[in-house]
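Residue numbers (the UniProt record's numbering): 1 to 453. One structure below.
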């Protein structure tokens with residue numbers, strides 16, 4: 001597949017041919033289900049001219065059906081463009097196809113999607129990751145030049161790692177959330193999924209920047225990173241030893257080999273430890289579900305969402321949500337409502353916020369000493385569908401990514417190896433707040449080392 005950098009140099013006639021070729025490929029790879037259109041037999045919208053970029057089904061595109069892959073939003077059409085979409089269009093790029101996702105971004109496999117699951121292009125018996133599994137699978141399968149996803153607790157980085165592409169989550173507040181279907185407002189961040197690091201930097205530059213329409217958008221200086229990429233910077237890297245040691249043997253061996261390659265390339269490596277990641281899991285799922293409960297309360301059949309038939313107001317609320325939301329969304333909404341309820345708010349939610357501050361402090365302390373943190377993306381390679389039947393086991397697949405969201409830091413995943421079954425293993429690189437340049441420089445350097453450049 002042509003890279004984003006190369007595609008941006010094409011003439012309008014060449015881009016038209018490229019879009020037609022993509023549609024043919026998408027038609028021939030329906031079994032993957034990376035696009036909602038593949039799962040519903042709907043045509044790809046070709047009304048936008050420009051370099052085609054796949055869009056996760058929770059990012060508003062005017063006049064598109066944007067449903068967050070939920071039954072409750074069937075029939076809804078976006079009345080406006082998200083800020084990131086407006087920025088794509090201004091830069092000569094175009095939204096092109098809705099990528100499949102876990103319902104309201106709640107999940108790690110795409111199995112909670114109303115439309116059905118997406119398959120991992122590397123092995124169709126395995127999950128593509130989530131919640132941006134469709135975006136990652138589309139890029140990895142060569143049926144998208146690049147894609148936009150959203151990351152609440154690893155939802156860009158984990159699927160990118162499972163599918164074998166690059167996934168980048170910017171600093172919280174760096175990219176506007178205006179027009180993003182909210183899951184957890186203090187954690188969600190839009191970012192790129194691409195074929196390589198340079199494309200990630202290019203797409204990031206296009207969508208980043210302050211937005212007055214988003215109250216969580218940071219009004220800080222922004223300097224484009226792509227023109228300033230420097231893979232020759234020799235940075236100090238902290239390896240989170242306990243996280244590497246806790247990973248599966250293939251992941252641990254691949255990362256240790258990667259660390260040796262970085263040492264040989266002149267990087268200074270030191271070893272640090274973070275607190276048990278069970279605290280990240282507990283804090284994340286309390287905060288995320290609490291915010292999800294508040295955000296999704298508007299879907300009641302009166303203000304938003306399809307309305308179920310009933311004989312009373314209470315029954316209408318219950319029927320609407322019971323029929324409209326899938327099991328995973330209902331589970332998280334109930335948990336969030338519980339932790340916010342009278343008598344439990346202090347016991348759970350306030351403690352989770354204190355734990356969040358502790359987690360951020362841990363990351364900041366390490367990043368005061370080094371330039372980059374290196375750790376696994378997930379404990380293992382992509383697992384098989386049905387392998388993690390217990391919801392708690394599935395939640396643990398995000399164990400190395402959610403702390404980054406709690407701390408609001410930028411992070412990227414870069415493929416570094418394949419296991420004996422050809423499944424991808426990636427390294428996760430994390431930087432300080434607003435240090436996207438450093439993160440992308442380190443990622444490009446690592447990518448070059450792995451590719452032998």
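No residue lacks a Cβ here, since even glycine has one placed at the ideal position from N, Cα and C.
Exercise for review: Please state whether DSSP places residue 159 in a helix, a strand or coil.
Suggested key: Looking at residue 159 - three-state DSSP - the assignment turns out to be helix.
Practice item. Go ahead and pull the three-state DSSP assignment for residue 325. Key: Residue 325 falls in the coil class under three-state DSSP.
**Study point:** Rounded Cβ spacing between residue 414 and residue 197 (contact assumed at less than 8 Å)
**Key:** Confirmed, Cβ separation roughly 7 Å.
Check your understanding: Thinking just about the alpha-carbon of each residue, which of 182, 174 and 213 is nearest to the one in residue 221?
Key -> Looking at the Cα atoms, 174 is the closest of the given residues.
Point to revise | residue 191 - DSSP class collapsed to helix/strand/coil | key: Under the three-state reduction of DSSP, residue 191 is assigned to strand.
Point to revise | beta strand (DSSP E) segment containing residue 414, residue limits | key: Looking at the DSSP string, the run of the beta strand (DSSP E) that includes residue 414 is 411–418.
Exercise for review: Check residue 123 in the structure and name its three-state DSSP category.
Suggested key: Three-state DSSP puts residue 123 in a strand.
Practice item. Using the Cα positions of residue 440 and residue 294, report the straight-line distance between them to the nearest angstrom. Key: Between the alpha carbons of residue 440 and residue 294 lies a distance of about 35 Å.
Review point. Going by the beta-carbon positions, is the gap between residue 187 and residue 288 smaller than 8 Å?
Key: In this structure, residue 288 lies closer than 8 Å to residue 187 by Cβ.
Check your understanding: When you compare only the Cα positions, how much space is there between residue 6 and residue 224?
Key -> Cα to Cα, residue 6 sits roughly 18 Å from residue 224.
Review point. What residue range is occupied by the uninterrupted beta strand (DSSP E) comprising residue 379?
Key: Unbroken run through residue 379: none, as it is neither H nor E.
Point to revise | Segment limits, alpha helix (DSSP H) that includes residue 448 | key: Counting along the chain, the alpha helix (DSSP H) containing residue 448 begins and ends at 436–451.
Point to revise | 6 Å Cβ shell around residue 111 - same chain, five flanking residues per side excluded | key: Residues of the same chain with a CB within less than 6 Å of the CB of residue 111, apart from the 5 flanking positions on each side, are 117 in chain order.
Check your understanding: Going by DSSP, what residues sit across from residue 272 in a beta bridge?
Key -> Bridge pairing for residue 272: 240 [DSSP].
Review point. Can residue 37 and residue 97 be called in contact, C-beta distance under 8 Å?
Key: With respect to residue 97, residue 37 sits close: the two C-beta atoms are nearer than 8 Å.
Review point. Relative to the alpha-carbon of residue 263, which residue among 379, 446, 348 and 160 has its alpha-carbon at the smallest distance?
Key: 446 is the residue among 379, 446, 348 and 160 whose C-alpha sits nearest the C-alpha of residue 263.
**Study point:** Extent of the continuous beta strand (DSSP E) to which residue 426 belongs
**Key:** According to the DSSP assignment, residue 426 belongs to the beta strand (DSSP E) that extends over 424–430.
Practice item. Taking the CB atoms as reference points, tell me whether residue 284 and residue 402 lie closer together than 8 Å. Key: Cβ distance < 8 Å, so residue 284 and residue 402 count as in contact.
Check your understanding: Are there 16 or more other CB atoms within 10 angstroms of the CB of residue 436, so buried, or fewer, so exposed?
Key -> By the Cβ neighbour-count rule, residue 436 is buried, with 16 or more other Cβ atoms within 10 Å of its own.
Practice item. Let me know if residue 183 comes out buried or exposed under the rule of 16 or more other beta-carbons within 10 Å of its beta-carbon. Key: Classification of residue 183: buried, given that the 10 Å Cβ count is 16 or more.
Check your understanding: Do the CB positions of residue 180 and residue 58 come within less than 8 Å of each other?
Key -> It is a contact, given that the beta carbons lie within the stated cut-off.
Practice item. Tell me whether residue 334 is buried or exposed, calling it buried when 16 or more other Cβ atoms sit within 10 Å of its Cβ. Key: Around the beta carbon of residue 334, fewer than 16 other beta carbons lie within 10 angstroms, which makes this residue exposed.
**Study point:** Of the residues 207, 360, 237 and 120, the one placed nearest residue 87, counting alpha carbons only
**Key:** The candidate whose alpha carbon is nearest that of residue 87 is 207.
Point to revise | Proximity to residue 412 [Cα-Cα], best of 382, 376, 384 and 383 | key: With respect to the C-alpha of residue 412, the residue from 382, 376, 384 and 383 having the closest C-alpha is 376.
Exercise for review: State the Cα-Cα distance for the pair residue 229 and residue 372, rounded to the nearest angstrom.
Suggested key: For residue 229 and residue 372, the distance between alpha carbons rounds to 16 Å.
Review point. Expressed to the nearest angstrom, what Euclidean distance is found between the alpha-carbon atoms of residue 45 and residue 56?
Key: Across the structure, residue 45 and residue 56 are spaced so that their CA atoms are roughly 14 Å apart.
Review point. Which residue spans inside the segment 75–140 form an unbroken beta strand (DSSP E) run of at least 3?
Key: DSSP runs (the beta strand (DSSP E)) wholly in the segment 75–140: 93–99.
Exercise for review: For residue 150, write down the residues that DSSP places opposite it in a beta bridge.
Suggested key: Paired residues: 190.
Practice item. Could you tell me which residues DSSP pairs with residue 166 in its beta bridges? Key: 194, per the DSSP bridge assignment.
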